[in-house]
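All remarks here apply to the structure that follows.
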Amino acid sequence: MKRSIRTTALTTGALLLALALPAAPALADEPAPRIDLRVLVVTDGGPATAAIAAELDTAGTPYTLVDLGRSDRPVIGPAFLADTVDGRPRAKFQAVVLPNDNPFSAGSPEMAALVAYERTYAIPQVDAYTYARPQAGLEVPTSGGYSGSVDGVRARVTPAGSAGPFGYLDGEVPFEDNAPDVGESYAYLSRPRAGADFTTYVDAPIPGSTARGSLVGEYRHDGRRELVVTFVYNQYQQQFRLLARGIVDWMTEEIRLGRSRNYFAVHVDDVFGSDDRWDPLLNCTPGDVDCPPGQGTQSAIRMSVDDVRDAADWSRRRGFALDLAYNGGGSDQHREDNGGADPVADEFLARRADFRWLNHTYDHAFLGCEQNVTVVPWKCATNADGSTRYVSRTEISRQISENRQWGERAGLPLRSDELVTGEHSGLKVLPQQPDDNPNLAPALADNGIAWLASDNSRDPGQRGVGPALTVARYPINIFYNAGRTSEQVDEYNWIYTSRAQGGSGLCEDLANTTCLPAPLDTATGYTDHIVPLETNIALGHVLANDPRPHFVHQSNLAEDRIGYPVLDAVLDRYTALHADNTPLVNLRMSDIGEELRERTVWNSAVRSGAVTGYRIGSAVTVQAPEGTAVPATMPAGTVQNLPAGTTGFGQPYAGTVSGWVSRAAGQTGVTLTLPQALVPAHAGPSDALAGGAGPAGRTVRRAEEPPLRTAPHAPVPAGVLRPVRLGIER
């Protein structure tokens, strides 16, 4: 169902056309132009261009940003857009993103230069957010259309969109409506202008009418192609996240540096161990560091045999492997306390192949500073000279090695270079321990650890700790000390309600945390509020090309099994929104770490200007520093050229092929060959020379058109703030 993309080797008068001067007809023996694999993003400071730039950043696609609000910005003229390299015409950008269809003043030479450039080199243009008007191929909204809020609207991908750039979606594009009293999305819904060569890719019902209006469509005119987007968005909103891949596919014609996937992995911590239970009367967790010593009665949450069976059955039924972070000492202690019996561990081991397994240390010891828990909050113990007293290298190494040996004896399918420490301890934790335990890095080296889990809410970036690189994990806001929904809601209310409403007031004290308007009902609050919120947050990570895993705890798969409603909702919503050619990618921790490492190396090379990528006809060439893997997205059938022949490039995903590729020994760069010499469906250079006749022979207005004037609209909110975890993971 994917469209056939065609491009041409433009050969005629390229430099003259770039200067908007007359030129002679093409000569067949002139060289095909070089098209650099870089996007030009022109911004006026609005959220729509920022969102597209963020999408390019995340994918690793090179782009140049020109901020129209800066006095020191470059002038967009012929020399900025094109030149000649080794006697061959070069287009410096493969696509242009503008804030709207014409952000310049009337008669602007910059817009004229862009028009000539796009016509000469067949460069697509994205109008990131524009008013519906004839200059964009649409009727104005007052002519049977609509302008206003589209919060909660369920837009759809049209048949043309499914056969074209949005074929990875299953049809529906729901717009967010997170807060009924806040305007979140504004749009102009309109029909194509009579006689316009306009194809709608995404539309929505026009209120008060049986007709539908365009939200995203392609307008072909004057030898140019524009993707016309008539709704405003920011980079975090679900509607943009769903459409972002298609926007980039369209403007790069599926030939670009960078790649993206939709990732989802879930770690379950403390397996074989138990977790302390929240006390709703004390508003703390007896046995843990948030309760004063001796206060309350300690109660443990531990999975049962039935819980284990349910977890294995769920994994098989959903086709989704959970990563179990295990503490072998938890099982040994249980056997010691129960005459050698641990039926839960026995059941897990009988079903070991249904899961992936991670070393979580032998008995979940805190591996940072030695904790003084006689006070709340706890403090780091100190030596006589006032220095911090840290857990020793020997003890850290013992926790790692004993748990690994336990897992090997049990036959767990392990990777010995992965580690999740208890509470991510050993790594810095503010405010008590501002630095890593200096004994952690040597202990990791002693045990061959290459990948170390960190808490994304505290330590999000990948960094080195001795020989290891961190893999940040997202905490799902389902608490480790809750096995029942009533416990989860009670603790949630304590954290996220104001003091006046009986809460802790922490939400009032922390700038990045919002307070609930009222306490949640303990019977319905989990299903009605927490599950939808956590689903939206997790799905937002999935749709943002973010491979970092999420984590919950074994307590959340016990008793009321409160973890599954969120996991099921993420999987169900994802499946409902995406076509079969765009599956979730569920990687184990070491593979996620490697993906993050390669991105860091690539992005550094791009930022330093050490990457050059371009296309000449069907040949793609990429030069990058030695040892730098290249991410690329290409049409199906693309091959990599090797000294001894060719090999297939990439893996199929979302209608294209993409992957990481490195140059072979003896090569100076990566070279790819596209499956065919493709010619765009829009007009070629001869139309550009005709001086204003579009594909249908009609007269098309050009740069002398008046600049865009948009109607007032509601601002785009930053989005509902997510309640933060406040350090309650265990």
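In this text, residue positions in the sequence shown follow the working numbering: the first is 22, and each later residue adds one.
Even for Gly, the Cβ is constructed at its ideal location relative to N, Cα and C.
Exposure of Gln697 is indicated by the presence of fewer than 16 other C-beta atoms within 10 angstroms of its C-beta.
Per DSSP, the unbroken alpha helix (DSSP H) holding Val622 starts and ends at Met610 to Arg628. DSSP links Ile56 through a beta bridge to Ala112 and Arg636. The beta carbon of Gly182 lies closer than 6 Å to those of Tyr222 and Val223 in the same chain, with the five residues before and after it left out. With a contact defined as Cβ atoms closer than 8 Å, Ala675 and Arg266 qualify at about 6 Å.
The residue among Leu490, Asp243 and Tyr240 with its C-alpha nearest the C-alpha of Val441 is Leu490. Boundaries of the alpha helix (DSSP H) around Leu135: Pro130 to Tyr142. The three-state secondary structure of Ser576, taken from DSSP, is helix.
In the three-state scheme derived from DSSP, where H, G and I count as helix and E and B as strand, Pro463 is classed as helix. Short of 8 Å from the beta carbon of Gln259, and not among the five residues preceding or following it, lie these beta carbons of its own chain, in chain order: Pro195, Phe196, Glu197, Asn557, Leu560, Gly561 and Leu564. Thr596 carries a helical assignment under DSSP once its states are collapsed to helix, strand and coil.
In summary, Ser230 is exposed, with fewer than 16 beta-carbon neighbours lying within 10 Å of its beta-carbon over all protein chains present. The Cβ neighbour count for Ser625, taken over all protein chains shown within 10 Å, is under 16; the residue is labelled exposed. For the segment 405 to 485, the continuous beta strand (DSSP E) assignments of 3+ residues that do not extend past its boundaries occur at 472 to 476, in sequence order. Residue range Gln672 to Tyr674 is occupied by the beta strand (DSSP E) that includes Pro673, with no alpha helix (DSSP H) assigned at that position.
The C-beta distance from Val492 to Met610 rounds to 5 Å, short enough to fall under 8 Å. The criterion of a C-beta distance shorter than 8 Å is not satisfied by Phe293 and Ser206. The way I'd put it, the segment 572 to 580 doesn't touch the segment 243 to 250; fewer than three beta-carbon pairs between them come closer than 8 Å. Counting only runs of 3+ residues, the beta strand (DSSP E) found wholly inside the segment 276 to 308 occupies 287 to 292, in chain order. The segment 443 to 462 and the segment 377 to 391 touch, with no fewer than 3 CB-CB distances between them shorter than 8 Å. Taking a cut-off of 8 Å for Cβ pairs, the segment 598 to 605 and the segment 266 to 285 touch, as three or more such pairs fall below it. The straight-line gap separating the alpha-carbon atoms of Leu370 and Ile417 is approximately 26 Å. In this chain, the beta strand (DSSP E) harbouring Met655 covers Val651 to Met655. In the assembly as shown, Leu61 is a buried residue. Its beta-carbon has 16 or more other beta-carbons within 10 Å. Here the alpha carbons of Trp623 and Thr518 stand approximately 44 Å from one another. As the crow flies, the alpha-carbon of Val627 is around 41 Å from that of Ala374. Cβ-Cβ distances below 8 Å link Val394 to Val310 and Pro314 in the same chain, with the five nearest sequence neighbours on each side left out; the list follows chain order. According to the DSSP secondary-structure assignment, Asn393 is paired through a beta bridge with Lys400. The beta-carbon distance between Pro120 and Thr70, rounded to whole angstroms, is 5 Å. This is short enough to meet the 8 Å contact definition. Residue environment: Val203 is assigned as exposed (fewer than 16 neighbouring CB atoms within 10 Å of its CB, all protein chains considered).
Beta bridge pairing from DSSP links Phe219 with Tyr240.
Counting only the Cα atoms, Arg241 lies some 22 Å from Leu58. Gly361 sits exposed, since fewer than 16 C-beta atoms from the chains shown fall within 10 Å of its C-beta. The Cβ atoms of Ser437 and Gly469 lie closer than 8 Å to each other.
Beta-carbon to beta-carbon, Ala116 and Pro145 are separated by about 5 Å, close enough to satisfy the 8 Å threshold.
Taking all protein chains shown into account, Pro110 has 16 or more neighbouring C-beta atoms within 10 Å of its C-beta and is therefore buried.
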